[in-house]
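Undergrad: The structure's right below; bear with me while I get my questions together.
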Amino acid sequence: MATAAMATSRGGKQREPLLQSPTLTAANGGGAAGRRRFLAFLAVTAALVASYRLLEPANSSRYHALFLTLGSNATAAAHLRALTLRPHVAGTEANAAAARYVLDAFSSLSFPAHITPYSVLLSYPVHRSLTLAAARGLAARPFSLVQETYKGDPFAEAAAEVIPTYFAYSASGSVAAEVVYANYGHNEDYAYLASRGVDVAGKVALVRYGDIHCEDMVRNARAAGAAAAIVYTDAKDFGGSAPKGAKRKWFPDARWLPPTGVQVGTLYYGNGDPTTPLWPSCAAGDDCERLSAEDLSASEAMPGIPALPVSARDGETILKAMGGDVAPPKWQGGEGSPVYRLGPGPAVLNLTYIGNDTLATIENVYAVIQGKEEPDRYVIIGNHRDAWTFGAIDPNSGTAAMLEIAERLSKLQAKGWRPRRTIILCSWDAEEFALIGSTEWVEENMDTLASRAIAYLNVDISVFGPGGLRPRATPQLDELIKEASKMVPDPDEPSQTLYDTMMRYHPPITRVAGAGTDFAAFLQHIGVPSLDMSYGLFDEYPVYHSLYDDYVWVERFGDPLFQRHVAVASVWGLIALKLADDEIIPFNYVSYASELEEFTKDIAEKCKGFPVSLSPLQKSIKQLESAATKIHEEKKL
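Okay, here's the thing in structure tokens:
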């Protein structure tokens, strides 16, 4: 940890209140100059809105119908192409250029647009090395830790800018130790190893991507006593398969991850700037309270041991050099893989990782479409912009869809539409590191957002590939999602709607949970109704967080005609329009009550045998259900 980066400790100067008035702020770090700049920004916004007061539409529904006709595959494709010409990790010049691109796109549509910078702790690699010591007759081997480009790769030159494969916030250090294979790195996997007499203490844990996030894998390895962790992308899960006797194909000839592909990620076990947990960061040059280097190093949110991600090819090389008992059948690889053994050893790995955790500037970008009747109520549309590499699917398929929505809304404005409530479009930064951009903004504006945000509508990845619309949301949004999806044709089955194909899945709408993307701070910190959606299945996207998540992959496998991008933009934007324009906010709490009833059944099952009565809870839920049903029926009148 860079001591200079942690100069201000918890005992330092306290941060000034960010919200001095009922007006939503996005001021730069809370300083007086930042507040004046953003107040000026809002004044200009208000002046622009005032000039349109006489153009109030008689019926918003006709504008909603018009919105659905304005989709443009070419627009979505052009935005995606422009955003993914270079890798753009948070804190880099390339991502600052991407922020300016989004800002210019908003401004060109005559939307008041603004950038808010924050100075936050990001993590980059300085030195990585991994060597397999001689074992079982094999010569010592250093690993290149490089993802290879392919012949004819149009992004080969830009690939030189890709950040070396690493885990953000990994502990720095050197470890030389025997290897133990721990399957997917669950706690249950380590319990199985212990039951077989395999000691993980002081060893290098080798685990494969799959069931849980990489930060959980490394935490579990540390808890089991491992001195370091290696996480590899097993060809069984990401490399595809081939008919017997045929050669397996991968990108660019198929959608599968090439043998040298590596999935990178973050190991920080929290949300937001690690130096300002649960309070907002500030802009560079401003003074705000931060954790000291010592406090941060001791934090349970940090991984505590060195770790590296490696490719399927490198993972199999390590497994070939291992001995010990044969791993269980479910722990084995796919066809053509070596026999996986548990270890420990005789393979010995020499691993060194040196990182630089340093304060860097990130930039959120916003556009505001001021509401004319309830301007202090906010419908928030969000997507993150930063990527580990080119980011064509994650996240810029979502960015392209959001910018396509913005263009449609601009065309509606030209026809006289104005929203009843304010719509804010947000391009978040540093999501990949720890949902930092969105979390800092929520922390900075917590009281205002908690009382005035109607809903947060997130799309991280708009398209994985084929597979239909996959929404997840808080229950009061269920009926709105169904209603909106009935109005949008399914791009893969034009005779069907998104609703028709969505209803084939069970359940058709799942719940937003965990902290996998930018809805987390809105939902978990301040209770704002939230959704996230995408088209297709994650399993259709094996190049996740790798070098190969580029425009070519999207053109060939993700969405060749860009009709899936447009369909997601249509339903995403329509939901926002209904929340912004309907006189009565279109929430339905009947499904919320039903969801609570199901949770109560689970609790009742767990409480069997204990002197606990759930009758008061069950009675309250029935009252909620009755009131919600009554309101729902009255809305129909």
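Take the sequence shown: its position 586, counted from the start at 1, is 677 in the numbering used here, and no numbers get skipped.
The beta-carbon is built from N, C-alpha and C at its ideal position, and this holds for glycine as well.
Nothing here was measured: the structure is a model prediction, and the numbers come from that model.
1. Between the C-alpha atoms of Thr293 and Tyr257, what's the straight-line distance to the nearest angstrom?
2. Let me know the secondary structure DSSP gives Gly125 once reduced to three states.
3. So Ala375 and Pro208 are supposed to be a Cβ contact under 8 angstroms. How far apart are they, rounded?
4. Find out if the Cβ-Cβ distance for the pair Tyr642, Ala483 is shorter than 8 angstroms.
5. Taking all protein chains shown into account, decide if Ile694 is buried (16 or more other Cβ within 10 angstroms of its Cβ) or exposed.
6. Buried or exposed: where does Pro466 fall if 16 or more other Cβ atoms within 10 Å of its Cβ makes it buried?
7. Nearest to Pro562 by alpha carbon, out of Leu161, Phe653, Met594, Gln587?
8. Mind listing, in chain order, the continuous alpha helix (DSSP H) runs of no fewer than 4 residues lying wholly within the stretch 323–382?
9. Here's a check: name, in chain order, each residue in its chain whose Cβ is nearer than 8 angstroms to the Cβ of Ala268, leaving out the five neighbours to either side.
10. Under 7 angstroms Cβ to Cβ from Val634, same chain only, skipping five residues before and after it: list those, please.
11. Mapping DSSP to helix, strand and coil, what is Cys517?
12. Which whole runs of the beta strand (DSSP E) in the stretch 503–582 are 3 residues long or more, in chain order?
13. Kindly give me the distance between the Cβ atoms of Leu687 and Val401, rounded to whole angstroms, as I take these residues to be in contact under 8 angstroms.
14. Determine the burial state of Thr601: buried for a count of at least 16 other Cβ atoms within 10 Å of its Cβ, exposed for fewer.
15. Work out the CA separation of Ile527 and Lys726 for me, nearest whole Å.
16. Return the chain-ordered ranges of every beta strand (DSSP E) run that is complete within the stretch 602–635 and spans a minimum of 3 residues.
17. Cα-Cα, which of Val322, Leu540, Arg511 is closest to Val309?
18. Would you list the one or two residues that DSSP bridges to His475?
19. In angstroms, rounded to a whole number, what distance separates the CA positions of Pro654 and Met624?
20. Between the Cα of Lys463 and those of Asp672, Pro651, Trp370, spot the shortest distance and give me the residue it belongs to.
21. When you compare only the Cα positions, how much space is there between Gly316 and Val291?
22. Below 8 angstroms, can you find three or more Cβ-Cβ pairs linking the stretch 232–245 to the stretch 420–428?
23. Which value, in whole angstroms, describes the spacing of the CA atoms of Phe701 and Ser488?
24. Report all residues from its chain with a CB closer than 6 angstroms to the CB of Ala398; omit the five preceding and five following residues, and keep chain order.
25. Starting from Glu454 and walking both ways along the beta strand (DSSP E), at which residues does that stretch end?
26. Taking 8 angstroms as the threshold (C-beta atoms), are Thr160 and Ala495 in contact?
27. With DSSP run on the structure shown, which of helix, strand or coil describes Arg232?
28. What residue does the alpha helix (DSSP H) around Ala190 start on, and which one ends it?
29. Which class does Ala403 belong to by DSSP, given the choice of helix, strand or coil?
30. With three or more beta-carbon pairs closer than 8 angstroms as the criterion, would you say the stretch 265–280 touches the stretch 663–679?
31. For Gly50, does the three-state DSSP call read helix, strand or coil?
32. For the beta strand (DSSP E) that Glu584 lies in, which residues bound it at each end?
33. Classify Cys517 as buried or exposed, calling it buried when 16 or more other Cβ atoms lie within 10 Å of its own Cβ.
34. I believe Arg512 touches Val470 by the beta-carbon criterion, under 8 angstroms. Please report the beta-carbon distance rounded to the nearest angstrom.
35. Tell me, to the nearest whole angstrom, how far the beta carbon of Ile666 is from that of Leu589; I am working on the premise that it is less than 8 angstroms.
36. Measure the alpha-carbon distance for Phe524 versus Asp609 and round it to whole angstroms.
TA: By the coordinates alone:
1. Note on residue identity: the sequence assigns Gly, not Thr, to residue 293. The alpha-carbon atoms of Gly293 and Tyr257 are separated by roughly 21 angstroms.
2. Only weak support exists for where Gly125 lies, its pLDDT of 45 falling under 50; the value from the coordinates is given anyway. Residue state, collapsed to three classes: helix.
3. 7 angstroms
4. yes
5. exposed
6. buried
7. Met594
8. 326–329
9. Gly293, Lys294, Val295, Ala318, Ala319, Val439, Leu440
10. Phe342, Leu348, Gly352, Asp640, Trp644
11. strand
12. 512–519, 544–549, 560–564
13. Rounded, the Cβ-Cβ distance is 45 angstroms, inconsistent with contact.
14. exposed
15. 39 angstroms
16. 621–626
17. Val322
18. Trp519
19. Looking at the sequence itself, residue 654 is Gln, so the reference to Pro does not match. Spanning the two alpha carbons is a distance of roughly 16 angstroms.
20. Asp672
21. 6 angstroms
22. no
23. 50 angstroms
24. Phe258, Ser261, Val309, Ala320
25. 439–460
26. Note that residue 495 is Glu in the sequence shown, not Ala. It is not a contact, given that the beta carbons lie outside the stated cut-off.
27. strand
28. 184–199
29. helix
30. no
31. Because the chain here runs from 92 to 728, residue 50 falls outside it and cannot be looked at.
32. 584–588
33. buried
34. 6 angstroms
35. With 8 angstroms as the limit, Ile666 and Leu589 do not qualify as a contact, their Cβ atoms being about 12 angstroms apart.
36. 11 angstroms
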